[in-house]
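So the structure is just underneath, and the comments pick up after that.
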Amino acid sequence: MYENFDELREAALACRNCKLAETRRNVVFGAGNPAAKLMFIGEGPGENEDLQGEPFVGRGGQLLDRMLSHVGLSRERDVYIANMVKCRPPKNRDPERDELDACMGWLRNQVRLIRPKIIVCLGRVAGCALIDPGFKVTRQHGEFFEKNGTVMMGTFHPAALLRNPANTPGALDDFVRLREKYDELT
Ligand code: URA
1 MYENFDELRE
11 AALACRNCKL
21 AETRRNVVFG
31 AGNPAAKLMF
41 IGEGPGENED
51 LQGEPFVGRG
61 GQLLDRMLSH
71 VGLSRERDVY
81 IANMVKCRPP
91 KNRDPERDEL
101 DACMGWLRNQ
111 VRLIRPKIIV
121 CLGRVAGCAL
131 IDPGFKVTRQ
141 HGEFFEKNGT
151 VMMGTFHPAA
161 LLRNPANTPG
171 ALDDFVRLRE
181 KYDELT
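Okay, here's the thing in structure tokens:
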């Protein structure tokens with residue numbers, strides 16, 4: 001049982017629990033404020049994240065930062081950002097079942113130590129793993145769910161918004177709702 005965040009991080013950086021360890025350059029553990037009340041969970045590192053060891057540092061990450069600042073939140077101060085899998089799947093394919101399962105313990109421990117009031121799932125992979133296996137982003141984005149005392153919400157993955165900007169207004173509405181919920185709970 002990891003007692004603190006640094007211990008957990010140290011152990012995760014040496015993880016070889018699945019085949020992604022063979023091809024990754026860096027384990028992307030997470031970033032932001034571990035004392036934050038709001039946590040964002042993406043899918044897995046892309047090329048830039050794999051190179052830099054930080055989540056959401058590419059164009060999708062810049063978009064995420066802009067959406068956060070649209071509602072007065074900052075990555076460093078107000079949120080903690082992690083991914084379902086901590087190592088890049090080759091050619092950015094979806095993480096496979098065994099990889100998600102092998103990595104789940106790290107995320108569970110992150111959530112246990114951070115104790116966020118709200119978890120936002122970015123995209124289908126996180127939404128299906130953490131909210132409901134049948135979660136549909138296009139239909140259920142912006143809805144609040146409660147799981148074990150934590151409020152959960154799913155919204156569009158920033159990379160999906162870059163591919164299909166028509167969903168950006170919907171995503172911005174989700175962030176406004178999120179900010180209201182955040183103010184209510186903190
Ligand atoms: N996409 C994700 O889901 N996570 C990242 O960290 C980067 C891109």
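So the sequence shown is numbered by full-length UniProt numbering: it starts at 1 and just counts up by one.
Ideal placement from N, C-alpha and C gives every residue a C-beta, glycine not left out.
Treat the numbers as computed from the prediction; the structure is a model and nothing was measured.
What is the DSSP secondary structure of residue i, counted as helix, strand or coil?
{"i": "Asn83", "result": "strand"}
{"i": "Arg16", "result": "coil"}
{"i": "Tyr2", "result": "coil"}
{"i": "Arg24", "result": "coil"}
Can residue i and residue j be called in contact, C-beta distance under 8 Å?
{"i": "Gly149", "j": "Phe135", "result": "no"}
{"i": "Val28", "j": "Glu47", "result": "no"}
{"i": "Gly61", "j": "Asn26", "result": "no"}
{"i": "Tyr2", "j": "Met39", "result": "no"}
{"i": "Pro116", "j": "Ala36", "result": "yes"}
{"i": "residue 191", "j": "Ala102", "result": "The chain is shown from 1 up to 186; residue 191 falls before or after that span and cannot be answered."}
Counting only runs that start and end within the UniProt domain "Uracil-DNA glycosylase-like" (29-176), where is the beta strand (DSSP E) found for 3 or more residues in a row? Those beta strand (DSSP E) runs which fall completely within the UniProt domain "Uracil-DNA glycosylase-like" (29-176) and span 3+ residues are 38-42, 79-83, 118-122, 144-147 and 150-155.
Below 7 Å from a heavy atom of the ligand URA - residues by beta-carbon: These are the residues, in chain order, with a beta carbon less than 7 Å from any non-hydrogen atom of the ligand URA: Val28, Gly42, Glu43, Gly44, Pro45, Gly46, Glu49, Pro55, Phe56, Gly58, Gly60, Gly61, Asn83, Leu122, Gly123, His157 and Ala159.
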